[in-house]
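Peer 1: Note that the sequence shown ends on residue 327 in the UniProt record's numbering; no numbers are left out. Where is the CB? At the ideal position from N, CA and C, for every residue including glycine.
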Amino acid sequence: MKLIFDINGGDNKAEIIKGAIDASNEFNKEIILVGRENFIKENLQGLDYDKDKVEIVDASENIENNEEPVLALRKKKDSSIVKAMTLLKEKKAQALVSAGSTGALLGGGIFIVGRIKGIKRGVLPTLIPGLKSNTLVIDSGANMDTSPELLEEFAILGDVFLREYYKIENPKIGLLNVGVEEGKGNALYKEAYQRLKESDLNFVGNVEAREIMDNDVDLLVCDGFDGNVLLKSIEGVVEFATKSLFHGIATSNLDDKSKKAFTEFLMNKFKKLDAKEVGGTILLGIDGNIIKAHGNSDARAIKNAAKYAIDIVESNIVDKIKDKVEK
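Below is the structure:
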């Protein structure tokens, strides 16, 4: 198995290189580093790795988050995303890991790699740990503007993903909304509710954002704008709570042994809420394994994204989704 890493994308390019090398070493995989060759070679110095397992593909350009994705994909043929997507399309590797522009990844996935037949959009699922069970939020940031039809498509993709990857037999599906009653929300969510209600999916109704981490819904459907705001709100609250608790322990009158015990306990509890533990998520609906990592990913997050990519490839999830959706 070979993995591609987009080096020009993301905020911490040197960390992406280190994370890719760590993944190659730990998981014994060949890798392709796509980015500015001189920068890559400079940052490889001092790292211990098998040179036979590392290939460099030079790419002088990068697509920034503030650029119009489709236009940038057309203009910047030497960008790392375009070159990495082309390598994936040509089957030079089995998966791509990128911390770059979500819009460019979505556009490249659609126009370079290609969509699964019958699917209109690529979509990002993100797993949120909860008290009762985990909940997959879909879409978590790929599509800012959607339609009721697309929300139903997201639900179908999420349903298949939960069945085939997480082995959940009959996923419970909820719709993110401002209230649990039928008829709540704007026109988009009202019509999406009716479509989901009339579908063959196991739709259980509306779910409020405050219930996301304390419910038994397996899949929460929303557009990419609402999903991304939800996830970043959770990240912010978790970060604030973590810092507040650690500060409280550090400035308390507890003895050192108790402080250490409480700190270790909290670190263990908050670990499952750390986005860097998972590292990334697959872009569902695309005919290839594209893993989107967080823009500020460090080496640990990139290594974990690579592990997730390996699991996705080994599970053959794209072909399983194609079998289900194309029927």
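1. Between ILE31, ASN28, ASP11 and ASP78, which lies nearest to ALA99 when the distance is taken from Cα to Cα?
2. Starting from GLU314, trace the alpha helix (DSSP H) in both directions and tell me its first and last residue.
3. Identify every run of the beta strand (DSSP E) within the segment 148-194, keeping only runs that are complete inside it and at least 3 residues long; order them along the chain.
4. Pick helix, strand or coil for ARG121, following the three-state DSSP scheme.
5. CB-CB under 7 Å to SER17, same chain, minus the five flanking residues each way: which ones, in chain order?
6. Specify the secondary structure class of ILE81 as computed by DSSP and reduced to three states.
7. What is the rounded straight-line gap between the Cα of GLN94 and the Cα of LEU151?
8. Mark VAL178 as exposed unless 16 or more other C-beta atoms lie within 10 angstroms of its C-beta, in which case mark it buried.
9. Taking a contact to mean a Cβ-Cβ separation below 7 Å, would you say ILE317 touches GLY122 in this structure?
10. Tell me, to the nearest whole angstrom, how far the beta carbon of VAL137 is from that of LEU47; I am working on the premise that it is less than 8 Å.
11. Since I believe THR126 is in contact with THR281 (beta carbons under 8 Å), could you give me their beta-carbon distance rounded to a whole number of angstroms?
12. Are the CB atoms of LEU157 and ASN206 within a distance shorter than 7 Å?
13. State the DSSP-derived secondary structure class of LYS91, mapped to helix, strand or coil.
14. Evaluate the contact criterion for the segment 242-254 versus the segment 188-205: three or more CB pairs, one atom per stretch, below 8 Å.
15. Could you tell me the distance, in whole angstroms, from the CA atom of LYS167 to the CA atom of ASP255?
16. Using 8 Å for Cβ pairs, my map puts ILE173 next to PHE203. What's the rounded Cβ distance?
17. What residue ranges within the segment 8-37 form continuous beta strand (DSSP E) runs of no fewer than 3 residues, ordered along the chain?
18. What residues match up with VAL207 in a beta bridge as DSSP calls it?
19. Could you tell me the distance, in whole angstroms, from the CA atom of GLU64 to the CA atom of GLY9?
Peer 2: So, from the data block:
1. ASP11
2. 299-315
3. Counting whole runs of 3 or more residues, the segment 148-194 contains the beta strand (DSSP E) stretches 173-177.
4. Reduced to three states, the DSSP call for ARG121 is coil.
5. Reading off the sequence, residue 17 comes out as Ile, not Ser. Hits under 7 Å: ILE7, LEU33, ILE40, ASN43 and LEU44.
6. helix
7. 29 Å
8. Exposed.
9. no
10. VAL137 to LEU47, Cβ: 35 Å. No contact.
11. 5 Å
12. no
13. Looking at LYS91 - three-state DSSP - the assignment turns out to be coil, as it is neither helix nor strand.
14. no
15. 46 Å
16. 5 Å
17. 30-35
18. The partner list for VAL207 (beta bridge, DSSP) reads LEU176.
19. 8 Å
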